[in-house]
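Asks: Numbering (my numbering), first residue to last: 199 to 628.
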Ligand code: 4AD
Ligand code: MG
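1) Look at the alpha carbon of residue 231 and the alpha carbon of residue 260, and state the distance between them as a whole number of angstroms.
2) Quick check: the region 582 to 589 against the region 538 to 550, are at least 3 beta-carbon pairs closer than 8 Å?
3) Please classify residue 513: is it buried, with 16 or more other beta-carbons within 10 angstroms of its beta-carbon, or exposed?
4) Residue 209 and residue 273 - do their beta-carbons sit closer together than 9 Å?
5) Could you check which residue in 358, 262 and 552 has the C-alpha nearest to that of residue 516?
6) The alpha helix (DSSP H) that contains residue 221, what's its start and end?
7) Considering only heavy atoms of ligand 2, list every residue whose Cβ is less than 7 Å from one of them, following chain order.
8) Could you spell out the range, first to last residue, of the beta strand (DSSP E) harbouring residue 544?
9) Return the first residue and the last residue of the beta strand (DSSP E) that residue 502 is part of.
10) Please identify the residue among 385, 336, 343 and 444 whose C-alpha is closest to the C-alpha of residue 357.
11) Straight-line CA distance for residue 603 to residue 246?
12) Within 8 Å: the Cβ of residue 404 and any heavy atom of ligand 1?
13) Taking residue 393 and residue 348 to be in contact with their CB atoms under 8 Å, please state how far apart those CB atoms are, rounded to whole angstroms.
14) When you compare each of 355, 211, 350 and 505 to residue 481 by their alpha carbons, which one comes out closest?
15) Does residue 430 come out as helix, strand or coil in the three-state DSSP assignment?
16) Is residue 607 near residue 453, with beta carbons less than 9 Å apart?
17) Using only CA atoms, which one of 520, 532, 509 and 531 lies nearest to residue 493?
18) To test your reading of the DSSP string, which unbroken beta strand (DSSP E) runs of 3 or more residues are found completely within the region 545 to 607?
19) Go ahead and pull the three-state DSSP assignment for residue 419.
20) Ordered along the chain, which non-local residues of its own chain (more than five positions away) have a Cβ less than 8 Å from that of residue 562?
21) Whole-angstrom Cβ separation of residue 429 and residue 473, contact assumed at under 8 Å?
22) Who are the Cβ neighbours of residue 535 in its own chain at under 8 Å, not counting the five residues just before and after it?
23) Should residue 413 go down as buried or exposed, given a rule of 16 or more other Cβ atoms within 10 Å for buried?
24) Should the region 567 to 574 be called in touch with the region 607 to 620, which here means at least 3 C-beta pairs below 8 Å?
25) Who are the Cβ neighbours of residue 399 in its own chain at under 6 Å, not counting the five residues just before and after it?
26) Between 489, 342 and 201, which lies nearest to residue 215 when the distance is taken from Cα to Cα?
27) For residue 222, which residues from the same chain have a beta carbon less than 6 Å from its beta carbon, with the 5 sequence-adjacent residues on both sides left out?
28) Quick check: does the Cβ of residue 657 come within less than 8 Å of any heavy atom belonging to ligand 1?
29) Which stretch, first to last residue, makes up the beta strand (DSSP E) that contains residue 286?
30) How about residue 199: is its Cβ closer than 8 Å to a heavy atom in ligand 1?
31) Whole angstroms are fine: how far does the CA of residue 370 sit from the CA of residue 457?
32) Check whether the Cβ of residue 613 sits closer than 8 Å to any heavy atom of ligand 1, and report yes or no.
33) Please state whether DSSP places residue 534 in a helix, a strand or coil.
34) Near residue 254, what residues of its chain come up, given a Cβ to Cβ distance below 8 Å and the 5 sequence neighbours on each side ignored?
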């Protein structure tokens with residue numbers, strides 16, 4: 199029976215054949231332990247000299263790392279392995295030999311591993327992170343589909359800049375200037391007026407000259423937008439959504455979390471609602487903690503965010519930021535003009551901002567005035583202004599950065615390990 203590693207539990211006591219690669223190997227004169235991987239998972243194959251034909255044992259002792267194989271053996275339950283099963287090997291057939299595989303079981307430096315990212319993704323830890331990323335994507339579609347949202351795909355080639363002009367990724371659109379999308383939000387607002395509750399999931403580009411563990415040049419964002427939703431409604435969607443993906447990862451990626459050594463006690467407590475703190479109170483809190491370097495009107499740096507997050511055991515919303523710190527489209531607080539109805543969601547354990555969102559301006563005049571203040575050309579944004587001309591309604595939305603969320607849930611330090619082929623300030627290869 200030909201099967202895969204994740205399916206072996208169905209064949210306990212039976213003989214199966216698995217197409218696999220040799221991840222690692224240990225052997226003595228009498229026994230060889232093959233660490234096998236097939237993409238679906240990892241399993242140990244045990245080859246006992248006394249129980250197999252002579253050539254099979256010889257082959258088991260000589261196969262090199264990453265050689266591809268068909269391995270035949272009997273499935274055994276095995277309580278000692280985290281996976282729960284192992285294979286008593288009866289036969290091995292080499293498909294294609296691998297010579298001098300560069301990533302050996304010894305420790306390698308990050309730059310070397312990044313140069314070999316196309317191979318590094320085969321390793322057990324990287325495999326686990328990719329599976330967690332996949333689970334977050336799966337649960338995202340499930341959550342929004344279950345809650346009446348329609349998936350809408352905004353364009354990637356655009357003529358405008360929703361999040362400010364400094365980080366635009368410039369390109370040519372034949373004779374015209376164009377930019378790779380830095381957020382689909384403005385288009386999602388149009389979509390919400392057509393379909394009510396919508397979400398997008400796609401690549402986003404920021405030519406940010408930041409070299410931090412939280413910044414990618416190309417990252418993936420989930421952007422929901424809801425007609426008739428106000429500030430508070432928006433926060434409720436966010437906390438329910440984030441709690442949903444955390445619980446999905448705990449439930450469906452238990453083995454991956456174990457492989458990564460991810461502490462899950464704190465994750466299991468992540469349920470809605472989430473705590474909130476206003477920007478004003480966050481500034482006071484930081485002053486009380488001895489941060490003298492920050493004043494009202496300044497943006498938070500990562501040490502500030504981390505200090506705030508550390509005083510909560512769930513993600514925390516920082517709300518009502520100063521108007522000047524945020525993009526042109528955010529709805530002002532009705533009680534005071536110097537702050538907007540926005541919130542950033544800060545993940546626990548120092549993983550930083552995972553969501554930015556707000557209520558949007560729905561008044562045509564106010565929006566036109568804000569665009570003027572931000573030097574945005576009315577021609578390029580005429581279509582966006584039209585949304586306020588023809589039956590404007592209050593509406594809100596947010597953007598969740600996938601890679602920062604994967605980093606948090608996987609417990610990996612740096613976002614470069616949370617996307618298959620990271621695009622970083624100094625890296626476009628492989
Ligand atoms: O806060 P941002 O810039 O918000 C927006 O783009 C809004 N238009 C979203 C919306 O309301 N529809 O980005 C949203 C999230 C951040 O919280 C962060 O998680 C992630 O996107 N993000 C990045 N992730 C990796 N690398 C970068 N350079 C990122 N910039 C933002
Ligand atoms: Mg932000």
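The C-beta atom is built at its ideal place from N, Cα and C for all residues, glycine as well.
The structure displayed is predicted, hence computed values, not measured ones.
Replies: According to the data block:
1) As a working mapping, residue 231 is identified with position 33 in the chain shown. As a working mapping, residue 260 is identified with position 62 in the chain shown. Looking at the two C-alpha atoms, the distance is approximately 12 Å.
2) Because the criterion of three Cβ pairs below 8 Å is not met, the region 538 to 550 and the region 582 to 589 do not touch.
3) Against the chain shown, residue 513 aligns to sequence position 315. When all chains shown are included, residue 513 counts as buried.
4) Mapped onto the chain shown, residue 273 falls at position 75. Mapped onto the chain shown, residue 209 falls at position 11. With respect to the 9 Å criterion, residue 273 and residue 209 are classified as neighbours on the basis of their beta carbons.
5) The count along the chain shown starts at 1 and reaches residue 516 at position 318. Looking at the Cα atoms, 552 is the closest of the given residues.
6) As a working mapping, residue 221 is identified with position 23 in the chain shown. Counting along the chain, residue 221 sits inside no alpha helix (DSSP H); it lies in the beta strand (DSSP E) bounded by residues 213 to 225.
7) Checking every Cβ against the heavy atoms of ligand 2 under 7 Å gives 542, 551 and 554.
8) The residue you call residue 544 lines up with position 346 of the chain shown. 540 to 545 is the span of the beta strand (DSSP E), which, as asked, contains residue 544.
9) Counting from 1 along the chain shown, the entry for residue 502 is found at position 304. Unbroken run through residue 502 is the alpha helix (DSSP H), 500 to 508; no beta strand (DSSP E).
10) Here residue 357 corresponds to residue number 159 of the chain shown, with the count starting at 1. Nearest C-alpha to residue 357: 385.
11) In the chain shown, counting from the first residue as 1, residue 603 sits at position 405. In the chain shown, counting from the first residue as 1, residue 246 sits at position 48. Between residue 603 and residue 246, the C-alpha separation is close to 44 Å.
12) Residue numbering aside, residue 404 sits at position 206 when the chain shown is read from its first letter. Correct: residue 404 has its Cβ closer than 8 Å to ligand 1.
13) Counting from one through the chain shown, the residue named residue 393 turns up at place 195. Counting from one through the chain shown, the residue named residue 348 turns up at place 150. Contact flag correct, Cβ pair sits at about 5 Å.
14) Here residue 481 is taken as the residue at index 283 of the chain shown, counted from 1. Of 355, 211, 350 and 505, the residue nearest in Cα terms is 505.
15) Within the chain shown, numbered from 1, the residue matching residue 430 stands at position 232. Assigned with DSSP and collapsed to three states, residue 430 falls in helix.
16) For the purposes of this step, residue 607 is taken as the residue at position 409 of the chain shown. For the purposes of this step, residue 453 is taken as the residue at position 255 of the chain shown. No.
17) As a first step, residue 493 must be located in the chain shown, where it is residue number 295. The residue with the shortest Cα to Cα distance from residue 493 is 520.
18) Whole beta strand (DSSP E) segments, 3+ residues: 550 to 557 and 593 to 599.
19) Taking the first residue of the chain shown as position 1, residue 419 is located at position 221. Strand, per DSSP.
20) Here residue 562 is taken as the residue at index 364 of the chain shown, counted from 1. For residue 562, where only same-chain residues beyond five positions count, the Cβ hits under 8 Å are 583, 586, 587 and 590.
21) Sequence index remark: in the chain shown, residue 429 carries index 231 (1-based). Sequence index remark: in the chain shown, residue 473 carries index 275 (1-based). No, residue 429 and residue 473 are not in contact; Cβ-Cβ is about 16 Å, not under 8 Å.
22) Numbered from its first residue, the chain shown carries residue 535 at position 337. Sequence-distant Cβ neighbours of residue 535 in its own chain, meaning closer than 8 Å and more than five residues away, are 521.
23) Locating residue 413 in the chain shown gives position 215, where the first residue counts as 1. When all chains shown are included, residue 413 counts as buried.
24) Cβ pair count under 8 Å is below three, so no.
25) Counting from one through the chain shown, the residue named residue 399 turns up at place 201. Cβ contact annotation for residue 399 (same chain, cutoff 6 Å, sequence separation greater than five): 420, in chain order.
26) What you label residue 215 is simply residue 17 of the chain shown in a count that begins at 1. Minimum Cα distance to residue 215 is reached at 201.
27) Here residue 222 refers to the residue found at position 24 of the chain shown. Cβ neighbours of residue 222 within its own chain (closer than 6 Å, five residues either side excluded): 233 and 303.
28) With the chain covering only 199 through 628, there is no way to say anything about residue 657.
29) The residue you call residue 286 lines up with position 88 of the chain shown. Its beta strand (DSSP E) spans residues 283 to 294.
30) One-based indexing of the chain shown puts residue 199 at position 1. Because no heavy atom of ligand 1 lies under 8 Å away, the Cβ of residue 199 does not count as near it: no.
31) Counting from 1 along the chain shown, the entry for residue 457 is found at position 259. Counting from 1 along the chain shown, the entry for residue 370 is found at position 172. A direct Cα-to-Cα measurement between residue 457 and residue 370 gives close to 44 Å.
32) For the purposes of this step, residue 613 is identified with residue 415 of the chain shown, where counting begins at 1. At least one heavy atom of ligand 1 lies closer than 8 Å to the C-beta of residue 613.
33) Counting from one through the chain shown, the residue named residue 534 turns up at place 336. In the structure shown, residue 534 falls within a coil segment according to DSSP collapsed to helix, strand and coil.
34) By one-based count along the chain shown, residue 254 stands at place 56. Once the five neighbours on either side are set aside, the close Cβ partners of residue 254 are 245, 287, 288, 289 and 290.
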